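The structure appears below as structure tokens.
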């Protein structure tokens with residue numbers, strides 16, 4: 033299940049020593065502002081990820097932990113024959129498990145395979161100006177203070193090879209020595225500039241050896257210091273030209289890579305000028321950077337109108353009439369704005385169950401749900417860790433089974449090791465706040481999905497008295513005399529919390545009944561731990577996509593791409609040549625969605641079939657036989 037995404041990003045310039053004189057400028061620079069992991073499948077340019085999110089980010093230098101490096105050690109145990117993985121995924125969730133049960137369209141459903149190839153699901157971010165972000169330019173803004181062209185030719189191919197291996201830690205060398213053949217200050221300066229421009233992350237110094245001058249390239253303090261934050265007492269040597277804007281904006285194109293993973297990789301090498309960033313395109317895999325510009329303002333979270341999706345559904349079975357009916361309904365009516373399957377995890381223990389235990393203040397249950405053995409597809413070291421925990425209940429012993437300790441299980445075990453088994457609340461608090469809140473937000477989403485299904489079943493696709501609509505940011509009930517002024521597209525439903533109101537019809541009571549069954553009080557959603565108090569929110573129940581287009585194409589080869597990506601176009605790759613009468617048919621569709629909506633739920637409405645990994649894996653298995 034993979035994706036291609038395109039995002040807009042801004043990087044802040046490093047502060048010079050002059051800047052430090054200004055007290056307001058001395059605040060420590062963050063390495064990045066993590067985008068809120070809400071729920072749009074992708075980002076701005078072309079990314080293939082099913083993880084929903086807002087994609088604009090601001091990166092500003094930060095410290096990298098050992099655990100982030102360990103994350104790169106992860107290996108997948110999902111390889112092997114498709115049947116074995118499908119068999120493991122039998123324990124995964126289906127849509128009905130999380131309340132996704134209704135449709136709004138009347139057409140007959142048909143089957144199709146979603147994300148058979150990562151390039152079958154492409155996401156482009158839509159900026160606040162309404163323009164779709166594209167990677168279409170690798171050029172770097174002209175800057176009088178950038179290094180000269182000689183900078184890029186002064187190093188030999190052999191020097192460049194050795195420096196690249198040093199930069200990427202591909203050998204055991206701690207430094208590379210480059211002899212200065214024609215020893216002048218100007219020549220040494222050019223070599224210094226060349227190394228730092230072409231190989232971000234390396235520092236240089238000049239040394240005398242046996243009467244000869246050498247430029248020594250090295251990592252200043254090893255892997256852990258590659259993204260070191262510079263402070264007033266340790267400023268960057270290389271000043272930022274005052275003529276530039278303070279932020280370098282660019283487009284990030286990534287293939288089959290999570291946004292935060294891509295940003296973590298970038299943060300290791302950045303000096304953050306456009307010129308240095310452009311050179312990363314030569315040595316980093318699965319993502320590209322381009323469309324560089326310097327601005328005086330950063331990109332901020334929420335500065336997007338949504339995402340534009342290009343999706344291919346392969347091996348479809350629907351007739352032309354079915355497809356036309358399905359796509360017309362998507363364009364004219366829309367789809368139920370369910371929270372998609374990725375909101376609830378992919379294993380046999382859904383995230384909403386952990387969220388429910390947190391809200392119940394049942395911390396032993398929280399610990400057990402996170403650490404206990406579970407059936408289904410998991411990495412081998414997690415299976416061993418869980419087995420050890422079940423056998424010994426010893427955090428230290430279980431932790432030894434984890435080569436990657438940054439996972440939630442590893443963080444909780446470290447917390448238990450630090451605070452003891454009688455202080456699970458503090459141990460759980462070691463997990464990053466966003467991850468902890470993900471669990472209770474998952475429970476809210478679970479309730480919302482179930483209640484919306486009940487609302488559609490009870491009242492259909494029309495606004496009725498007692499429904500909720502928004503007047504500005506305030507929710508109000510629809511009164512009997514006003515019902516003709518609203519349509520189903522105006523109706524919202526609440527995520528449970530202490531600061532929302534509920535519908536004044538049967539569904540309002542259904543909310544209370546569902547929470548009572550979960551040993552929760554809908555009138556008291558404040559938790560004794562403030563972080564876990566739920567204020568609630570409102571969400572439209574039907575979303576109508578914009579810019580909906582579609583095309584049915586025939587093909588013979590399941591491995592052939594069915595459209596060109598931004599990168600394909602930049603590299604001059606031609607459009608795929610497709611047969612007019614191929615063995616298989618695919619539905620190519622495009623549409624735009626606002627933030628916090630799931631493209632998979634729009635696709636579900638078209639196919640009228642379960643979009644869970646469990647179901648899609650079984651389809652792929654059958655398809656590969």
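Numbering (the numbering used here), first residue to last: 33 to 657.
The beta carbon of each residue, even a glycine, is placed where N, CA and C say it ideally should be.
These numbers come from a predicted model, not from an experiment.
Where residue 584 is concerned, the enclosing beta strand (DSSP E) starts and stops at 578-587. In this structure, the alpha-carbon of residue 556 lies about 7 angstroms from that of residue 530. DSSP places residue 479 in the uninterrupted alpha helix (DSSP H) bounded by 465-491. Our two residues, residue 168 and residue 324, have alpha carbons roughly 10 angstroms apart in a direct line. No Cβ-Cβ contact shorter than 8 angstroms links residue 313 with residue 289.
Per DSSP, the continuous alpha helix (DSSP H) segment holding residue 417 begins and ends at 412-424. In this structure, residue 275 keeps its C-beta atom at 8 angstroms or more from the C-beta atom of residue 371. Around the CB of residue 151, 16 or more other CB atoms lie within 10 Å, so the residue is classed as buried. Secondary structure of residue 360 (DSSP, three-state): helix. Taking a cut-off of 8 angstroms on C-beta distances, the region 493-508 does not touch the region 462-471, as fewer than three cross pairs fall below it. One Cα belongs to residue 37, the other to residue 291, and the distance between them is close to 8 angstroms. In terms of CA proximity to residue 628, 473 leads the group 473, 508, 561 and 604. Cβ-Cβ separation between residue 417 and residue 397: approximately 19 angstroms, too far for a contact (criterion under 8 angstroms). Looking at 230, 244, 315 and 352, the one whose alpha-carbon comes closest to that of residue 212 is 244.
The shortest CA-to-CA distance from residue 552 to any of 340, 223, 391 and 137 is the one to 391. Per DSSP, the beta-bridge partners of residue 325 are 281. Residue range 235-241 is occupied by the beta strand (DSSP E) that includes residue 240, with no alpha helix (DSSP H) assigned at that position. Within the same chain, 574, 575 and 576 come within 6 angstroms of residue 366 by CB-CB distance, once the 5 residues on both sides are set aside.
Inter-residue distance for residue 516 and residue 138 is about 24 angstroms (C-alpha atoms, whole angstroms). Here residue 248 is bridged, per DSSP, to 209 and 237. Residue state for residue 41 is assigned as strand, using DSSP reduced to three classes. Judged by beta-carbon spacing, residue 437 lies within the 8 angstroms limit of residue 446, meaning their Cβ atoms are closer than that value.
If you ignore the 5 residues before and after residue 534, its C-beta comes within less than 7 angstroms of the C-beta of 526, 540 and 543, all in its own chain and listed in chain order. Counting of Cβ neighbours within 10 angstroms places residue 154 among the buried residues, the total reaching 16 or more.
Taking 8 angstroms as the cut-off, the beta carbon of residue 562 is found no closer than this to the beta carbon of residue 475. In the structure shown, the three-state DSSP call for residue 633 is helix. Here the region 583-598 makes contact with the region 609-619; the two share three or more CB pairs at distances below 8 angstroms.
Taken through DSSP and simplified to helix, strand or coil, residue 437 comes out as coil.
In this structure, DSSP gives residue 291 a helical state, which the three-state scheme calls helix.
Closest in alpha carbon position to residue 626, among 287, 603, 125 and 579, is 579. Inter-residue distance for residue 238 and residue 191 is about 16 angstroms (C-alpha atoms, whole angstroms). The beta carbons of residue 642 and residue 197 sit about 47 angstroms from each other, so the pair does not count as a contact at 8 angstroms. For residue 386, the uninterrupted alpha helix (DSSP H) run begins and ends at 383-391, by DSSP. Annotated three-state conformation of residue 402 is helix, per DSSP. The residues 130, 376, 471, 474, 475, 477 and 478, in chain order, have a CB closer than 8 angstroms to that of residue 384 in the same chain once the five nearest residues on each side in sequence are set aside.
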